[in-house]
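Peer 1: Which chain is which? The protein sequence lines are A and B, in order.
Under the UniProt record's numbering, the first sequence has 114 at position 114, and the numbering climbs by one with no breaks.
Under the UniProt record's numbering, the second sequence has 134 at position 134, and the numbering climbs by one with no breaks.
Quick one: this structure, given as structure tokens, is what I'll be asking you about.
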Amino acid sequence: MKKGLVVLAAMCLLFLSGFVSAQADTIKIGLMGPMTGPWASEGQEMKQVLDLLAADLNAKGGVLGKKVEVIADDDGGDPRTAALAAQRLATQGIVAVIGTYGSSVTEATQNIYDESKIIQIANGSTAIRLTEKGLKYFFRTCPRDDEQGRVAVQTMAKLGFKNVAILHDNTTYAKGLADEAKGLLESQGTKIVFFDALTPGERDYTAILTKLKGANPDVVFFTGYYPEAGLLLRQKKEMNWNVPFIGGDATNNPDLVKIAGKDAAQGFYFLSAPLPKDLPSPEAKSFLDEFKKKYGSTPNSIYAVLAGDGFRVITAAMQATQSTDVDKLAAYLHTKLKDFAGLTGKISFDEKGDRVGEVYRVYKVDAEGNFILQP
Amino acid sequence: MEEFFQQLTNGLAVGGIYALIALGYTMVYGVLKLINFAHGDLFTIGSYLGLTLLTSLALTDRLGPAAGIAVLALMVMGLVALVGALLERMAYRPLRQSPRLSAVVSALGASIFFSNTVMLIYGARFQVYPQGILPKTAIELFGLYIPLVRVLILGSSVVMMVALYTFIQRTKIGTAIRAAAIDQDAARLMGIDVNRVILLVFLIGPALGGAAGLMVGLHYGQINFTMGWVYGLKAFTAAILGGIGNIPGAMVGGLLLGVIEALGAAYLSVAWKDAIAFGVLIFILIVRPTGLLGERVAEKV
Numbered sequence: 001m002k003k004g005l006v007v008l009a010a011m012c013l014l015f016l017s018g019f020v021s022a023q024a025d026t027i028k029i030g031l032m033g034p035m036t037g038p039w040a041s042e043g044q045e046m047k048q049v050l051d052l053l054a055a056d057l058n059a060k061g062g063v064l065g066k067k068v069e070v071i072a073d074d075d076g077g078d079p080r081t082a083a084l085a086a087q088r089l090a091t092q093g094i095v096a097v098i099g100t101y102g103s104s105v106t107e108a109t110q111n112i113y114d115e116s117k118i119i120q121i122a123n124g125s126t127a128i129r130l131t132e133k134g135l136k137y138f139f140r141t142c143p144r145d146d147e148q149g150r151v152a153v154q155t156m157a158k159l160g161f162k163n164v165a166i167l168h169d170n171t172t173y174a175k176g177l178a179d180e181a182k183g184l185l186e187s188q189g190t191k192i193v194f195f196d197a198l199t200p201g202e203r204d205y206t207a208i209l210t211k212l213k214g215a216n217p218d219v220v221f222f223t224g225y226y227p228e229a230g231l232l233l234r235q236k237k238e239m240n241w242n243v244p245f246i247g248g249d250a251t252n253n254p255d256l257v258k259i260a261g262k263d264a265a266q267g268f269y270f271l272s273a274p275l276p277k278d279l280p281s282p283e284a285k286s287f288l289d290e291f292k293k294k295y296g297s298t299p300n301s302i303y304a305v306l307a308g309d310g311f312r313v314i315t316a317a318m319q320a321t322q323s324t325d326v327d328k329l330a331a332y333l334h335t336k337l338k339d340f341a342g343l344t345g346k347i348s349f350d351e352k353g354d355r356v357g358e359v360y361r362v363y364k365v366d367a368e369g370n371f372i373l374q375p
Numbered sequence: 001m002e003e004f005f006q007q008l009t010n011g012l013a014v015g016g017i018y019a020l021i022a023l024g025y026t027m028v029y030g031v032l033k034l035i036n037f038a039h040g041d042l043f044t045i046g047s048y049l050g051l052t053l054l055t056s057l058a059l060t061d062r063l064g065p066a067a068g069i070a071v072l073a074l075m076v077m078g079l080v081a082l083v084g085a086l087l088e089r090m091a092y093r094p095l096r097q098s099p100r101l102s103a104v105v106s107a108l109g110a111s112i113f114f115s116n117t118v119m120l121i122y123g124a125r126f127q128v129y130p131q132g133i134l135p136k137t138a139i140e141l142f143g144l145y146i147p148l149v150r151v152l153i154l155g156s157s158v159v160m161m162v163a164l165y166t167f168i169q170r171t172k173i174g175t176a177i178r179a180a181a182i183d184q185d186a187a188r189l190m191g192i193d194v195n196r197v198i199l200l201v202f203l204i205g206p207a208l209g210g211a212a213g214l215m216v217g218l219h220y221g222q223i224n225f226t227m228g229w230v231y232g233l234k235a236f237t238a239a240i241l242g243g244i245g246n247i248p249g250a251m252v253g254g255l256l257l258g259v260i261e262a263l264g265a266a267y268l269s270v271a272w273k274d275a276i277a278f279g280v281l282i283f284i285l286i287v288r289p290t291g292l293l294g295e296r297v298a299e300k301v
């Protein structure tokens, strides 16, 4: 019995000392993403991107003479799970956290990180109000919905649509984008013939489509996510209804075409930051090659690449300030970082933590299911 | 008016699937007084097994669409029934003499176990059924547009439900099931092997749930490991709406729930669709606590 206790104590000590030394010679960066749940493919790709970038950086000697360690946690694409994940991450001595995808999920974690003095760089959270709260340590590498709304309205005007139906899914992001577009369209005198929300996660949207059809719109602007968009397109086709659909940037995922089928997805427009394959910079090209070498294919989602930009920006800030002090890092990101060569283009942040500059493009799905950048 | 009938058919097609899953809840509850929360996940397993068998065996290429899908359905139903039997043996039978709460917790645990197993095997991403297996023809009638697939789904649901009802009401085994539902101890005294009855219930319910999973996969195409939760909740609601423990009640409840949802979405608000459906459930439970077709059972003292 006594012997057992001694062994146990020794093991505890060993474990503890390992833990302490590990803490001393690595810089920890958190990743909070939807590893499970409806957006799991986004989260898993975010992790692949960060693992690759961290391995690269460590091979080059790391930051400030230390290795970088990525600690991933799962937010399940759900605000409640995310709050728990954020609390777990906040106790692990991380300097900064990358993530997450989905504005309502991000919103649930913002204050937790802010109170723990951890820098958060969101990658797919485009709702406007996230950066209007004046949180000092919050940044995002993705653009905001007011810009997306502006591009959406421009696109619809250019294509000559007069009666617009808007459908969202009541998430922070989708509702925000829908409201933004509605306001802009109405100020231009465009008629909104339908404005309502669906429940995400269902299979059958024929009831909603039948009602939409009754409103007789020229175009439907769906601001929700790709799993629902795919089903909507598929069931619309089955109903033999040929109205054009435009989606927000959350519909940008190749799985959309898989779910809808090529014939139903053809002609679908969506707004998005440029796809990984359309990224122009040399940094992006070499990153994509490496990604392909390691995982067999290029990343599907631009949000995963935007998470990579968050990682690159924060490690660059550490290098430039020679510090892991969050106040110094935040000040550097807000004011000093200008035109950083990110994977998705040049990156600078304004005083709110928003990325500066125009990022959105218009894409259209062709008959083969490819996403074609529109001029 | 046209839109009304279109919504009615939309609702019936969804309701047919709810009803088929609700049968599993109702049968288990009828016999064991247990809400089998893992039933929704058996449904998920059905649609994943369907996808695997469909793509690996290429049944529809070898046997043609109709026979291929029939064989596929039988295989899926058989395999899911097996999973259901295992579930009963491992998670519920050891707890049968324990307080009812233990079995409920065990059911929730089994549900989490199943959905995570599916995620680990197939991954967390959406899986997609190959397109174009079912004919894309549609019936156009007085301005209504009804894809043939929906008619087939509703039709086969109703056939399975009626077959089950006849089986329970007309056969000797069915009588044994009904007897065990009323009083397990008395049934045992009458020489009924209650364990076998319960096993049978756990073969039939999951088989129907698996069939529903296959239908959803074939028709909607997109499946993922969490979908059992939403469908399970809706089917559970349908079972309660119709009167839990009552087989025709599950059918009526399922179809009704589908129609309420569709009409609620059409005439009130799309966003409030679920709230309307559950609101109706609460209303019915207030005015008629046993559900629509449930009978008031006198408590023995």
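Just so you know, even glycine gets a beta-carbon here, dropped at the ideal spot from N, CA and C.
Going straight from the alpha carbon of Pro254/A to that of Asn300/A, what length do you get?
Peer 2: Residue 254/A sits at position 254 when you count from the first residue of the first sequence. Residue 300/A sits at position 300 when you count from the first residue of the first sequence. Spanning the two alpha carbons is a distance of roughly 7 Å.
Peer 1: Taking only runs of the alpha helix (DSSP H) that begin and end inside the segment 258-327 of chain A, which ones reach a length of at least 4 residues, in chain order?
Peer 2: The qualifying runs are 262-265, 282-295 and 302-321.
Peer 1: In angstroms with no decimal places, state the Cα-to-Cα distance between Gly279/B and Asn10/B.
Peer 2: Counting from 1 along the second sequence, the entry for residue 279/B is found at position 279. Counting from 1 along the second sequence, the entry for residue 10/B is found at position 10. C-alpha separation (whole angstroms): 20 Å.
Peer 1: Which chain B residues are close to Ile302/A, counting only those with a beta carbon under 8 Å from its beta carbon?
Peer 2: The residue you call residue 302/A lines up with position 302 of the first sequence. Here the premise fails: no neighbours, minimum Cβ distance about 17 Å.
Peer 1: Hey, does Ile259/A have any beta-carbon neighbour from chain B nearer than 9 Å?
Peer 2: The sequence position of residue 259/A within the first sequence is 259, counting from 1. For Ile259/A, the answer is yes, since a Cβ of chain B falls inside 9 Å of its Cβ.
Peer 1: Are the CB atoms of Val151/B and Pro135/B within a distance shorter than 9 Å?
Peer 2: In the second sequence, the residue the question calls residue 135/B occupies position 135. In the second sequence, the residue the question calls residue 151/B occupies position 151. Cβ atoms of Pro135/B and Val151/B: not closer than 9 Å.
Peer 1: Does the distance from the C-beta atom of Glu3/B to that of Ala266/B stay below 9 Å?
Peer 2: Residue mapping note: residue 3/B aligns to position 3 of the second sequence, counting from 1. Residue mapping note: residue 266/B aligns to position 266 of the second sequence, counting from 1. Taking 9 Å as the Cβ cut-off, Glu3/B and Ala266/B qualify as a contacting pair.
Peer 1: Leaving aside the five residues before and after Gln374/A along the sequence, list all residues of the same chain whose C-beta is less than 6 Å from its C-beta, in chain order.
Peer 2: For the purposes of this step, residue 374/A is taken as the residue at position 374 of the first sequence. Closer than 6 Å at the Cβ level, and outside the excluded window around Gln374/A, lie Val362 and Lys364.
Peer 1: Using the beta-carbon of each residue, which ones in chain B are nearer than 7 Å to Ile208/A?
Peer 2: The residue you call residue 208/A lines up with position 208 of the first sequence. In chain order: Ala265 and Val270.
Peer 1: Under DSSP, the beta strand (DSSP E) around His334/A begins and ends at which residues?
Peer 2: As a working mapping, residue 334/A is identified with position 334 in the first sequence. It is not in any beta strand (DSSP E) - His334/A carries neither H nor E in the DSSP assignment.
Peer 1: By a C-beta neighbour count over all protein chains shown, 10 Å radius and 16 as the cutoff for buried, is Phe222/A buried or exposed?
Peer 2: Counted from its first residue, the first sequence places residue 222/A at position 222. Result: buried.
Peer 1: Would the beta-carbon of Gly16/B fall within 9 Å of that of Gly291/B?
Peer 2: Here residue 16/B refers to the residue found at position 16 of the second sequence. Here residue 291/B refers to the residue found at position 291 of the second sequence. No, they are not a contact pair.
Peer 1: Would Met46/A count as contacting chain B if we go by Cβ distances under 9 Å?
Peer 2: Here residue 46/A is taken as the residue at index 46 of the first sequence, counted from 1. It does not: the Cβ of Met46/A has no partner Cβ on chain B nearer than 9 Å.
Peer 1: Measure from the alpha carbon of Ala320/A to the alpha carbon of each residue in Lys336/A, Ala307/A and Asp309/A, then state which is nearest.
Peer 2: Residue mapping note: residue 320/A aligns to position 320 of the first sequence, counting from 1. It is Lys336/A.
Peer 1: Specify the secondary structure class of Val193/A as computed by DSSP and reduced to three states.
Peer 2: Numbered from its first residue, the first sequence carries residue 193/A at position 193. Strand, per DSSP.
Peer 1: On the premise that Leu52/A lies in contact with Leu31/A, defined as a C-beta separation below 8 Å, what is that separation, rounded to the nearest angstrom?
Peer 2: Residue numbering aside, residue 31/A sits at position 31 when the first sequence is read from its first letter. Residue numbering aside, residue 52/A sits at position 52 when the first sequence is read from its first letter. Not really, about 12 Å apart at Cβ, beyond 8 Å.
Peer 1: Between Leu59/B and Ile153/B, what straight-line distance do the alpha-carbon atoms span, to the nearest angstrom?
Peer 2: On the second sequence, residue 59/B is found 59 positions in, with the first residue counted as 1. On the second sequence, residue 153/B is found 153 positions in, with the first residue counted as 1. Going from the Cα of Leu59/B to the Cα of Ile153/B covers about 19 Å.
Peer 1: Once the 5 residues before and after Ala260/A are set aside, which same chain residues still bring their CB inside 7 Å of it?
Peer 2: Taking the first residue of the first sequence as position 1, residue 260/A is located at position 260. Correct list, in chain order: Gly230, Leu233 and Arg234.
Peer 1: For the alpha helix (DSSP H) holding Gln120/A, just list the boundary residues, first then last.
Peer 2: Locating residue 120/A in the first sequence gives position 120, where the first residue counts as 1. It is not in any alpha helix (DSSP H) - Gln120/A instead sits in the beta strand (DSSP E) that spans Ile119 to Ala122.
Peer 1: Under 9 Å, do Asn240/A and Ala262/B count as touching if we go by C-beta distance?
Peer 2: Taking the first sequence and counting its residues from 1, one reaches residue 240/A at position 240. Taking the second sequence and counting its residues from 1, one reaches residue 262/B at position 262. Result no, Cβ atoms of Asn240/A and Ala262/B do not sit closer than 9 Å.
Peer 1: For the segment 87-104 of chain A, enumerate the residues whose C-beta is nearer than 9 Å to any C-beta of chain B, in chain order.
Peer 2: Answer in chain order: no residues at all.
Peer 1: Less than 8 Å between C-beta atoms, sequence neighbours within five positions excluded: which residues of the same chain meet that for Asp339/A?
Peer 2: Residue mapping note: residue 339/A aligns to position 339 of the first sequence, counting from 1. Hits under 8 Å: Lys346, Ile347 and Ser348.
Peer 1: With a cut-off of 9 Å, does the C-beta of Gly296/A fall near any C-beta of chain B?
Peer 2: Against the first sequence, residue 296/A aligns to sequence position 296. No, its Cβ sits nowhere closer than 9 Å to a Cβ of chain B.
Peer 1: Please name the residue or residues paired with His168/A in a DSSP beta bridge.
Peer 2: In the first sequence, counting from the first residue as 1, residue 168/A sits at position 168. Answer is Ala197/A.
Peer 1: Is the shortest distance between the beta-carbon of Ala307/A and the beta-carbons of chain B less than 9 Å?
Peer 2: Residue 307/A sits at position 307 when you count from the first residue of the first sequence. It does not: the Cβ of Ala307/A has no partner Cβ on chain B nearer than 9 Å.
Peer 1: I'd like to know whether the C-beta of Glu202/A is nearer than 9 Å to at least one C-beta of chain B.
Peer 2: By 1-based counting over the first sequence, the position of residue 202/A is 202. Chain B, which has a Cβ nearer than 9 Å to the Cβ of Glu202/A, makes this yes.
Peer 1: Could you please tell me which residues of the segment 20-54 of chain B, in chain order, have their CB closer than 8 Å to any CB of chain A?
Peer 2: Residues passing the 8 Å Cβ filter: none.
Peer 1: Is the distance from the Cβ of Leu167/A to the Cβ of Leu198/A below 9 Å?
Peer 2: Locating residue 167/A in the first sequence gives position 167, where the first residue counts as 1. Locating residue 198/A in the first sequence gives position 198, where the first residue counts as 1. Yes, they are a contact pair.
Peer 1: Examine the Cβ distances between the segment 74-86 of chain B and the segment 194-206 of chain B and report whether three or more of them are shorter than 8 Å.
Peer 2: A contact exists between the segment 74-86 of chain B and the segment 194-206 of chain B.
Peer 1: Go to Thr26/A, then tell me how far its beta strand (DSSP E) extends in each direction, as first and last residue.
Peer 2: Locating residue 26/A in the first sequence gives position 26, where the first residue counts as 1. Unbroken beta strand (DSSP E) run through Thr26/A: Thr26 to Gly33.
Peer 1: Would the beta-carbon of Ala215/A fall within 9 Å of that of Ala181/A?
Peer 2: Counted from its first residue, the first sequence places residue 215/A at position 215. Counted from its first residue, the first sequence places residue 181/A at position 181. The answer is no: Cβ separation not under 9 Å.
Peer 1: Express the C-alpha separation of Glu107/A and Ala122/A in angstroms, rounding to a whole number.
Peer 2: As a working mapping, residue 122/A is identified with position 122 in the first sequence. As a working mapping, residue 107/A is identified with position 107 in the first sequence. Taking the straight line from one Cα to the other gives about 10 Å.
Peer 1: Determine which residues of the segment 227-259 of chain A have a Cβ less than 7 Å from any Cβ of chain B, and write them out in chain order.
Peer 2: Within the segment 227-259 of chain A, the residues whose Cβ lies closer than 7 Å to some Cβ of chain B are Pro227, Gly230, Leu231, Arg234, Glu238, Met239, Asn240, Asp255, Lys258 and Ile259, listed in chain order.
Peer 1: Spell out whether any CB of chain B is found under 9 Å from the CB atom of Gly176/A.
Peer 2: Along the first sequence, read from residue 1 onward, the residue named residue 176/A stands at position 176. With 9 Å as the cut-off, Gly176/A does not count as an interface residue toward chain B.
Peer 1: Suppose the cutoff is 7 Å on Cβ atoms and the five residues either side in sequence are ignored; what does the same chain contact list for Thr315/A look like?
Peer 2: As a first step, residue 315/A is located in the first sequence; it is residue number 315 there, counting from the start. Hits under 7 Å: Leu57, Val63 and Val68.
Peer 1: Taking one C-beta from the segment 37-50 of chain B and one from the segment 206-219 of chain B each time, how about it: are there three or more such pairs within less than 8 Å?
Peer 2: Yes, the segment 37-50 of chain B is in contact with the segment 206-219 of chain B.
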